[in-house]
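Below you'll find the structure, written out as structure tokens, and then a few comments.
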Amino acid sequence: MNSKHRIAIIEDNTPQRVILSRLLCTDYEVTEFSGGEEFLACHEQFDVLLLDIEMPDINGYDTCRAFRARPGSGNIPVIFVSAHDTAPERVAAYEAGGDDFVTKPIAVHELKHKIKGVIDQGDRLRQLADQSSNAQKIAFAAMTGMSDLGVVIEFLRESASGHSYDCIGRQLIQAMKAWGLKGAVQIRGCNELLVLSTEGEMSPLQSSVLDTLKDIGRIFEFGSRAVLNYAHVSLLVQNLPTDNPEKVGRLRDNLAVLAESADIRIGGLDASKERDLQKLGIEGVLAELRGALARINDKSRDNRSNGQHQMVEMIEGLSRTIVTLGLTESQESYVEDLLKEALDETHRFFDQAISIEGEFSEVLARLQRLAASDYRV
């Protein structure tokens, strides 16, 4: 019989924590924590975290960030629990490393459904990771007898689907290993510096060499070592077969293809991140414009209503006053016509304001459609 999946409940509210524990203890092994500090002090392994956001010691966001900084925590799902279901809170939960979001008061069916969903997904991912690892071992074992071009083709195929610096860096390392090369890879992204070694641990000397020679030129060879530099990628090779110049030439050419391809892919990832940031910025500006236009419309509508009311009261007052002035009928008619023209002119001004508001609304709608089309994936 399989052991129960383990769930950690991090909640400072004791009644809420006890309720959650009782709801889940039948199906899962539950461990309770009264706050973020208590949880972070524990190094046990869990399958799911239920994490409250508002806690007195460390809030849920910072607790999640600290947890995600631990090695091996990336595949453990975190479900945030909060009484405030707002877009900013959901975005903050996602940015902190959360996988899902449940609002208080908690619906039992929804909570159990989400927990089961993330656990099933985690099990599938682990199975896929094991299958992928086994397949990769078999593939690279078979590649031992393949030509150098086969390694290049394999790298190009795998890197095309790589969506992180680490993924691309490890594919470069695998390619170097397939050629029997020792060395290191340095990837310089827009907000991250990644260094990987074929030996696992990066030596201080390797880091120093890459930092020193990354700007020295495209290809720099010194003895059995070589450095290949591109805008985002540098490769360090430590054991070129100098007794076989022909093989060194082939390796140099193929390594250049790998480095250039990786450089282009890293540039693409950075551009994608930049587009995402721009999209968020544009969406924020559009939201501000929508709010400003709504406030302008409300104020304009109030002004029109007040202006019309005051104009009508003024005309009615003048009409009553005219009677007491002893004007002739034609004079009274003339004054009334002037007042009517003034009222009509005021209405025209109000109509123009409404038309301008409509034009602003249409421009805003067009901007929204344009932003959506520019960033549609």
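Numbering (numbering that gives the first Met the number 0), first residue to last: 0 to 376.
The C-beta atom is built at its ideal place from N, Cα and C for all residues, glycine as well.
All figures in this text were calculated on a predicted structure; none of them were measured in a lab.
- The C-beta distance from VAL232 to ALA225 rounds to 14 Å, too long to fall under 8 Å, and the pair is not in contact.
- CA-to-CA, the gap between ILE114 and GLN15 works out to about 17 Å.
- Counting only runs of 3+ residues, the beta strand (DSSP E) found wholly inside the stretch 5–66 occupies 5–9, 28–32, 47–51, in chain order.
- Here the alpha carbons of LEU250 and LEU23 stand approximately 58 Å from one another.
- Its chain contains no residue whose beta carbon lies nearer than 7 Å to that of ILE152 once the 5 sequence neighbours on both sides are disregarded.
- Less than 8 Å divides the Cβ of PRO55 from the Cβ of GLY34.
- By the neighbour-count criterion, in which a residue is buried when 16 or more other Cβ atoms sit within 10 angstroms of its Cβ, CYS63 is buried.
- In this chain, ALA230 is not harboured by any beta strand (DSSP E), its DSSP state being neither H nor E.
- Shortest Cα-Cα distance from ALA291 to any of GLU356, GLY73, ALA258, ALA230 involves GLU356.
- Residue state for SER196 is assigned as strand, using DSSP reduced to three classes.
- For SER299, the three-state secondary structure derived from DSSP is helix.
- Contact fails between the stretch 91–109 and the stretch 4–11, because fewer than three Cβ pairs, one in each stretch, are under 8 Å apart.
- Around the CB of GLN170, 16 or more other CB atoms lie within 10 Å, so the residue is classed as buried.
- Residue environment analysis places GLN126 among the exposed positions, since fewer than 16 neighbouring C-beta atoms fall within 10 angstroms of its C-beta.
- If you check the CB distance, TYR164 and GLY199 do not come in under 8 Å.
- Taken atom to atom, the span from the alpha-carbon of ARG365 to that of ILE52 is near 38 Å.
- Around the CB of TYR60, 16 or more other CB atoms lie within 10 Å, so the residue is classed as buried.
- The stretch 111–140 contains no complete alpha helix (DSSP H) run of 4 or more residues.
- Boundaries of the alpha helix (DSSP H) harbouring GLY168: 164–177, taken from the DSSP string.
- Proximity of the stretch 254–266 to the stretch 209–229 meets the contact definition, three or more beta-carbon pairs being nearer than 8 Å.
- Boundaries of the beta strand (DSSP E) harbouring ARG187: 182–187, taken from the DSSP string.
- A Cβ-Cβ separation of about 19 Å leaves VAL107 out of contact with PRO76 under the 8 Å criterion.
- Between LEU285 and SER223, the alpha-carbon positions lie close to 57 Å from each other.
- Comparing alpha carbon positions, the residue from GLY116, SER332, HIS83 closest to PRO104 is HIS83.
- Taking the C-beta atoms as reference points, VAL80 is found nearer than 8 Å to LEU49.
- When secondary structure is reduced to three states using DSSP, SER160 falls in the coil class, being assigned neither helix nor strand.
- Here DSSP, grouped into helix, strand and coil, assigns ILE215 to coil.
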